[in-house]
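Asker: What the sequence shown shows, in my numbering, is residues 616 to 795, in sequence order. Handing you a structure now.
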Amino acid sequence: MNSDVQIAGDPLAIPHLLPPVPAHPTTVAGFAGLARAIAADRAAWAPLVRYDATTRWYHRLRTGPGYEVWLLSWVPGQGSGRHDHGPSSGVLTVLEGELTEHTAGGPHTLAAGAQRVFAPGYAHEVVNDALAPAVSLHVYFPGLTEMPMLAPSHPDAAETAPLAPYSARCAAPSEETAAH
Ligand SMILES: [Fe+2]
């Protein structure tokens, strides 16, 4: 028997088949949908991406009432350090490449298209363990105001400690608070 996906194709690859995304989402599902819609609009985000081997690169793509959207790049070997997101919930979407997320439940490989939704207090460390650069999209609601760095939880963590400019921004949240 054919499945809907066999008949219609992957709806995530065809934005016009997705339910309409409200201008400003107010639910977790809405924010996940917003992230998928932005991810599908590659022509809009791809030219903005920069790869920087000396420091993590991030760009605030958009803000709305109660949320903000960040675009991040990860050259091979770059990582976030273990952190949580203060009072913010979030949706992490891999746009390109592959990232490894370390959580209390162990490492998870996130390939392009993968999404993770997390609640306030969720702790993780994200690393590009692959040999190619990666790009990710991060929606935070409410917008990220603090991002406490936490003690490493896995043996390789020392190799992925955050770079100084990144952690310095984390220590002094502002409207340019780094996202990850
Ligand atoms: Fe994070």
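The beta carbon of each residue, even a glycine, is placed where N, CA and C say it ideally should be. In this text the structure is predicted, and so the values were computed from the model without any measurement.
(1) What did DSSP end up calling Arg671 once you bin it into helix, strand or coil?
(2) Taking 7 Å as the limit between beta carbons, can you name the residues of its chain near Gln693, skipping five residues before and five after?
(3) Under 7 Å Cβ to Cβ from Ala772, same chain only, skipping five residues before and after it: list those, please.
(4) Got a sec: does ligand 1 put a non-hydrogen atom nearer than 7 Å to the Cβ of Ser695?
(5) What is the DSSP secondary structure of Leu707, counted as helix, strand or coil?
(6) Can you determine whether any heavy atom of ligand 1 sits closer than 7 Å to the C-beta of Val599, and answer yes or no?
(7) So Ala647 and Val706 are supposed to be a Cβ contact under 8 Å. How far apart are they, rounded?
(8) Under DSSP, the beta strand (DSSP E) around Val690 begins and ends at which residues?
(9) Which whole-angstrom value is the C-beta distance of Ala727 and Glu711, which I expect to be below 8 Å?
(10) Identify whether Val664 lies in helix, strand or coil by the three-state DSSP scheme.
(11) Evaluate Arg651 with the Cβ neighbour count: other Cβ atoms within 10 Å of its Cβ, from every protein chain shown; 16 or more gives buried, anything less gives exposed.
(12) In terms of DSSP beta bridges, what is Glu716 paired with?
(13) Evaluate the contact criterion for the segment 651 to 671 versus the segment 679 to 693: three or more CB pairs, one atom per stretch, below 8 Å.
(14) Gly645: which of Gly758, His717, Val754, Pro767 sits nearest, CA to CA?
Answerer: Quick look at the numbers:
(1) DSSP, reduced to helix, strand and coil, places Arg671 outside both helices and strands of the structure shown, so it counts as coil.
(2) Excluding residues within five positions, the ones whose Cβ falls inside 7 Å are Arg671, Asn743.
(3) Confidence at Ala772 is low in this model, with a pLDDT of 47, below 50, so the placement of that residue should be treated as unreliable; the coordinate-derived value is given next. Only Arg697, Glu740 meet the Cβ criterion.
(4) yes
(5) strand
(6) Because residue 599 is not part of the residues shown, which for the chain are 616 to 795, the question remains open.
(7) 5 Å
(8) That residue, Val690, is in no beta strand (DSSP E); it is neither H nor E in DSSP.
(9) About 5 Å; that satisfies the 8 Å criterion.
(10) coil
(11) buried
(12) His723, Val741
(13) The segment 651 to 671 makes contact with the segment 679 to 693: 3 or more CB pairs, one atom from each, lie closer than 8 Å.
(14) Val754
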